[in-house]
Amino acid sequence: VAIAITGYGIQSLKPDRTPEPRRSEDAVRKALEIADGAEPVFRTSSAEQAEIFVRDRIGWSLVAPAIQGSSITGVSLVPALDGRDVPVLFYGNGPGFRVTVVAYTYEFLDRAEPYLTLDRNVRLQIGGAGRFSLLDVGPRKALVFRNRDDIFVAVTPGDVEALQQAIRFPD
6 VAIAITGYGI QSLKPDRTPE PRRSEDAVRK ALEIADGAEP VFRTSSAEQA EIFVRDRIGW
66 SLVAPAIQGS SITGVSLVPA LDGRDVPVLF YGNGPGFRVT VVAYTYEFLD RAEPYLTLDR
126 NVRLQIGGAG RFSLLDVGPR KALVFRNRDD IFVAVTPGDV EALQQAIRFP D
């Protein structure tokens, strides 16, 4: 009887089921999700100040893209995976116009695998300088591009082709 009671007690301490394995998430779709809820925590009209904010808080030497006809309005850091933050840049040129840019680095994505991945085709499409990849998800569109080791996902409800033509990086 004592052995049966002990066995039952041990069995009841075990969890009812094993935890589900963590699923892989697409980095571009994750950026769309991040952009939906992100708000600037540091408001600035200076790309340099936004870059310093990111460098001081998470150590990334990010070069913020310039968007012709628009200006940076702020920056934030948002958890993307297991409490690891990614920078989010906000651009605008008046009421109703907003572009939210989520930034990753190749190093960040390599460390986040297999839980957060950038589709192989997207990696190939953005491989060369000045090359873009587009994801159209209903009213929102994601324009993916890179500068050196920084990968950017610009999320906008607007004209993504015009946005593509407007993106510049300092020399």
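Everything in the sequence shown is counted per this note's numbering, starting at 6 for the first residue and increasing by one.
Ideal placement from N, C-alpha and C gives every residue a C-beta, glycine not left out.
Inter-residue spacing [alpha-carbon to alpha-carbon] between Glu25 and Tyr120 | Per-residue confidence for Glu25 stands at a pLDDT of 48, beneath the threshold of 50, marking its modelled position as unreliable; no derived number is given.
Can you list, in chain order, the residues of its chain whose CB lies under 7 Å from that of Leu148, leaving out five sequence neighbours each side?
-> Phe137, Leu139, Ala159, Val165, Leu168 and Gln169
Apart from the five residues just before and just after Ala55, which ones in its own chain have a Cβ nearer than 7 Å to its Cβ?
-> Thr49, Ala69, Ile77, Val80 and Leu94
7 Å Cβ cutoff, Arg153 in contact with chain B = Checking the listed chains, one finds no chain B in this structure; it contains a single protein chain.
When we look at the beta-carbon of Val106 and count the other beta-carbons within 10 Å, is it buried (16 or more) or exposed?
-> buried
State yes or no: is the C-beta of Asp155 within less than 7 Å of the C-beta of Leu67?
-> yes
Three-way DSSP call (helix, strand, coil) for Asn152 in this model = strand
Ends of the alpha helix (DSSP H) at Arg116?
-> Tyr111 to Ala117
Tell me, to the nearest whole angstrom, how far the beta carbon of Ile39 is from that of Ile172; I am working on the premise that it is less than 8 Å.
-> The pair is not a contact, with the Cβ atoms about 19 Å apart (cut-off 8 Å).
Count the other CB atoms within 10 Å of the CB of Ile131; is the residue buried (16 or more) or exposed (fewer)?
-> buried
Give every residue of the same chain whose Cβ lies closer than 7 Å to the Cβ of Ala43, excluding the five residues on either side of it in the sequence, and list them in chain order.
-> Ser81, Val83, Val93 and Thr105
Beta-carbon proximity list for Phe150, same chain, < 6 Å, skipping 5 on both sides = Ile131, Phe137 and Phe157
Can you give the beta carbon distance from Leu37 to Arg145, rounded, assuming they're within the 8 Å contact cut?
-> 6 Å
Quick one: what does DSSP say Gly42 is sitting in, helix, strand or coil?
-> helix
Own chain, CB closer than 8 Å to Thr122, minus 5 neighbours either side, in chain order = Ser29, Glu30, Asp31, Ala32 and Leu114
For Val142, count neighbouring C-beta atoms within 10 Å of its own C-beta (all shown protein chains included) and say buried if the count is 16 or more, exposed if not.
-> exposed
Give the single residue among Gly135, Val127 and Pro175 whose Cα lies nearest to the Cα of Arg34.
-> Val127
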